[in-house]
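Take the sequence shown: its letters are residues 5 to 543, numbered as in our numbering. All C-beta atoms, glycine included, are put in the ideal place defined by N, C-alpha and C.
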Amino acid sequence: MNLEQVIEAIKSTYDGHQSLSEIVDDLSGGNYINHWAERLCDDEFNKNNELAKELFVIFVDTCESVRELNNVAFQISREDVLNDHEWARDLYRKAIEMASDNVSELRLIADNIICDDSLNDKQWARKIYKKIEGNLCDLSEFNELIDSIGNNLNDRKWSLELINKAKDSLLSAEDRFEFAGYSSTIIELAKLIADINFGNDKESAKDLFEILKDYEGVTCLLDAAREVKEIYEDESDYVATFMNECLKKSLEYMDDGYYCDVYYFIKDDMEDEDRAQEFMEEYEDEMRNDYENYGGCGELFEDNENDIDLDDIDFDNYDDERNAIRIGLKFLYSDLEELLEEEEEFDSAKEIAQEKISEFIDTFNDKVSGNMEDNIYYMSSYSDESVELDNISGISIEKFDVEFDNLSIYIVLAKKIPRDILDRIALDMVEYDFTLEALNDDGDLVYQNYSQGEYDSGYYMASDDEDAFVNQNLDKYEFAKERLNVEGSCSSLRQLPSTPFPLGEAEREGEGIMPHEGDETMNKTMLPTFRIHFQDLAI
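Okay, here's the thing in structure tokens:
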């Protein structure tokens with residue numbers, strides 16, 4: 005059957021079904037074919053495996069990537085879908101052939117093959133893992149394979165062999181920093197070596213921590229020192245020496261945004277109140293600047309923040325000027341993590357997610373005194389998919405084939421609410437983890453993370469094309485703004501010298517790459533922080 009014939013069969017079979025119109029609209033546009041194929045296997049559609057298979061056949065013919073083949077093979081193999089292991093094997097083979105020597109893609113295929121919900125074929129997965137072992141090029145690939153073998157095969161001997169091989173490869177690499185990439189990959193391996201359940205060789209792990217001292221990144225150095233303190237708690241002299249050396253180097257690389265981090269490191273991690281006080285006396289202006297721009301050192305400089313009493317705010321005093329903001333729904337994944345680990349619970353997770361999004365929107369709208377307009381958009385950070393929400397109660401994430409940790413909603417506030425008031429409102433939403441992008445008084449779009457009433461931190465992934473990364477985020481914002489009928493265009497980007505996230509007690513990753521002469525793709529701060537400047541972003 006071709007797609008048109010399948011659509012006609014669905015119309016005939018499910019005449020009067022509440023989802024029929026949506027199904028026909030999607031399939032007629034060639035969209036969500038595998039989604040509806042899987043849905044047809046549900047009780048809701050009387051487990052119509054015959055039509056489901058026809059849709060899967062059509063979808064497979066359109067697959068152009070390893071990821072698509074790997075995912076549809078997993079779908080088809082599931083007991084609650086088609087339970088067709090023979091067809092799934094054929095698709096996995098095609099995915100493997102297409103992946104060639106791509107280590108990451110091969111590992112994901114093997115992870116699916118060995119899964120209980122798919123083929124549960126440990127022997128085949130082991131062969132793929134063995135092939136991967138011969139093509140490992142950097143430390144992150146070693147760590148990922150060690151993780152897969154440890155979790156999926158429970159093969160401690162092989163895991164230990166890989167751990168030692170990873171360490172030897174790192175120490176013998178001509179360029180250790182290029183081989184390791186993120187400093188966090190070295191920390192991850194060092195912890196495995198020191199772990200009593202894995203390498204059980206704390207002395208050998210010190211070799212890796214020594215490498216970390218050569219990274220030119222404040223967060224990298226402080227994180228390494230914190231790990232050393234935790235792992236070597238019974239070696240006080242070694243810990244003290246290591247932490248002091250990391251602190252000394254951190255002071256060499258300090259820049260705006262890092263002063264509060266260093267202060268709390270001295271005060272809380274080194275447990276040296278006197279030295280922390282001396283640091284504050286020397287760098288108080290810089291620390292206050294960090295507080296004002298990045299949210300660090302809140303307990304030291306929060307008097308102005310506490311002056312804002314939300315109960316005293318009269319939103320009618322603000323101008324009637326429409327402004328678009330983005331809210332990243334970080335709380336969804338953490339709230340639903342356990343359900344998402346079980347494939348059969350995915351639909352339940354969607355239903356709960358819908359309720360949680362509605363609750364969040366109601367809470368936020370109440371905080372802004374009902375000044376949030378009904379029409380909103382939400383979008384995935386990792387894809388170009390977007391869905392219009394005609395009204396607040398009409399939320400549905402049914403068709404989003406993405407993880408729950410990268411969904412954002414784009415909304416319009418009918419009032420020009422100052423950025424500091426929005427910040428105070430966000431801090432008052434103590435039950436949620438989320439991100440918020442909103443314009444400040446200078447016309448900059450400022451990005452901030454919040455975690456249960458406090459500032460939170462985060463990280464940017466490395467990229468060889470920083471402009472592409474920035475522009476991708478701008479494109480999504482512009483897309484949503486256009487759909488929401490909010491006028492204005494982006495006139496410029498302003499890059500800041502450090503991270504966009506508040507610094508201080510929260511853990512932060514994603515920096516610490518050692519720069520090399522002549523190598524423009526490796527840099528100390530990874531992707532730059534940016535602010536987005538808009539002109540007349542209002543109707």
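Confirm, please, whether the CB-CB distance from Leu440 to Leu426 is below 8 Å.
yes
Beta-carbon spacing of Leu7, Leu44 below 8 Å:
no
Terminal residues of the continuous alpha helix (DSSP H) containing Asn248?
240 to 257
Beta-bridge partners of Leu24, as assigned by DSSP:
Paired residues: none, contrary to the question.
Can you name the residues that DSSP bridges to Glu327?
Checking the sequence, you will find Asn at residue 327 rather than Glu. DSSP lists Leu417 as partners of Asn327.
Apply the 10 Å Cβ neighbour rule to Asp460 and answer buried if 16 or more other Cβ atoms are within range, or exposed otherwise.
buried
Cβ neighbours of Met5 in the same chain (closer than 6 Å, five flanking residues each side left out)
Glu58
Phe269 lies in the beta strand (DSSP E); which residues open and close that run?
Neither: Phe269 is in no beta strand (DSSP E) and is coded neither H nor E.
Using a Cβ-Cβ cutoff of less than 8 Å, which residues in the same chain neighbour Asn395 once the five nearest sequence positions on both sides are dropped?
Residue confidence for Asn395 is low, a pLDDT of 34 falling below 50, so the modelled location carries little weight; the figure read from the coordinates is stated next. Once the five neighbours on either side are set aside, the close Cβ partners of Asn395 are Asp378, Asn379.
Can you tell me whether Glu145 is buried or exposed, with buried defined as 16 or more other CB within 10 angstroms of its CB?
buried
Are the beta-carbon atoms of Leu212 and Lys171 separated by less than 8 Å?
yes
Pick from Glu12, Asp88, Asn74 that is closest to Ser108, judged by C-alpha positions:
Asn74
Please report the residue range of the alpha helix (DSSP H) in which Ala229 lies.
222 to 235
Is Lys15 helix, strand or coil by DSSP?
helix
Leaving out the 5 sequence neighbours to the left and right, which residues in its chain are closer than 7 Å to Leu175 when beta-carbon positions are compared?
Asp211
The alpha helix (DSSP H) that contains Phe49, what's its start and end?
No alpha helix (DSSP H) holds Phe49; DSSP gives it neither H nor E.
When DSSP labels each residue in this structure, what does Asp460 get in the three-state scheme?
strand
Could you check if Cys141 is buried or exposed, using at least 16 other CB atoms within 10 Å of its CB as the buried criterion?
exposed
Going by beta-carbon coordinates alone, are Asp105 and Asn139 separated by less than 8 Å?
yes
N- and C-terminal bounds of the alpha helix (DSSP H) containing Phe283:
277 to 298
Taking all protein chains shown into account, decide if Asn38 is buried (16 or more other Cβ within 10 angstroms of its Cβ) or exposed.
buried
Based on the DSSP output, what are the partners of Gln452 in its beta bridges?
Leu440
From what residue to what residue does the alpha helix (DSSP H) around Arg82 run?
Note, Arg82: premise wrong, no alpha helix (DSSP H); not H, not E.
Name the residue from Asp276, Ser373, Phe335 whose alpha carbon lies nearest to the alpha carbon of Asp320.
Ser373
Enumerate in chain order the residues of its own chain whose CB-to-CB distance from Ser16 is below 6 Å, with the five nearest sequence positions on each side excluded.
none
Do the segment 327 to 335 and the segment 412 to 424 make contact, defined as three or more Cβ pairs closer than 8 Å?
yes
Outcome for Ser4 when other beta-carbon atoms lying within 10 angstroms are tallied against a minimum of 16:
The structure shown does not extend to residue 4, since the chain is modelled only from 5 through 543, so no value can be given for it.
With DSSP run on the structure shown, which of helix, strand or coil describes Leu411?
strand
Inter-residue CB distance, Val10 and Ile62 (contact presumed, cutoff 8 Å)
7 Å
Same chain, Cβ closer than 8 Å to Ala229, five either side skipped, listed in chain order
Phe246, Met247, Cys250, Leu251, Phe269, Asp273
In whole angstroms, what is the alpha-carbon distance linking Leu443 and Asp294?
19 Å
State yes or no: is the C-beta of Leu110 within less than 8 Å of the C-beta of Ile118?
no
When the Cα of Leu95 is compared with those of Gln22, Asn87, Val64, which residue comes out closest?
Val64
In the DSSP assignment, find the alpha helix (DSSP H) that holds Val434 and state where it starts and stops.
That residue, Val434, is in no alpha helix (DSSP H); it is neither H nor E in DSSP.
Please go through the same chain and pick out, in chain order, the residues whose beta-carbon is closer than 7 Å to the beta-carbon of Ile113, but skip the five residues on each side of it.
Asn74, Tyr96, Ala99, Ile100, Ala103, Ile132
Take Asn156 as the anchor and find which of Gln22, Asp115, Leu166 has the nearest alpha-carbon.
Asp115
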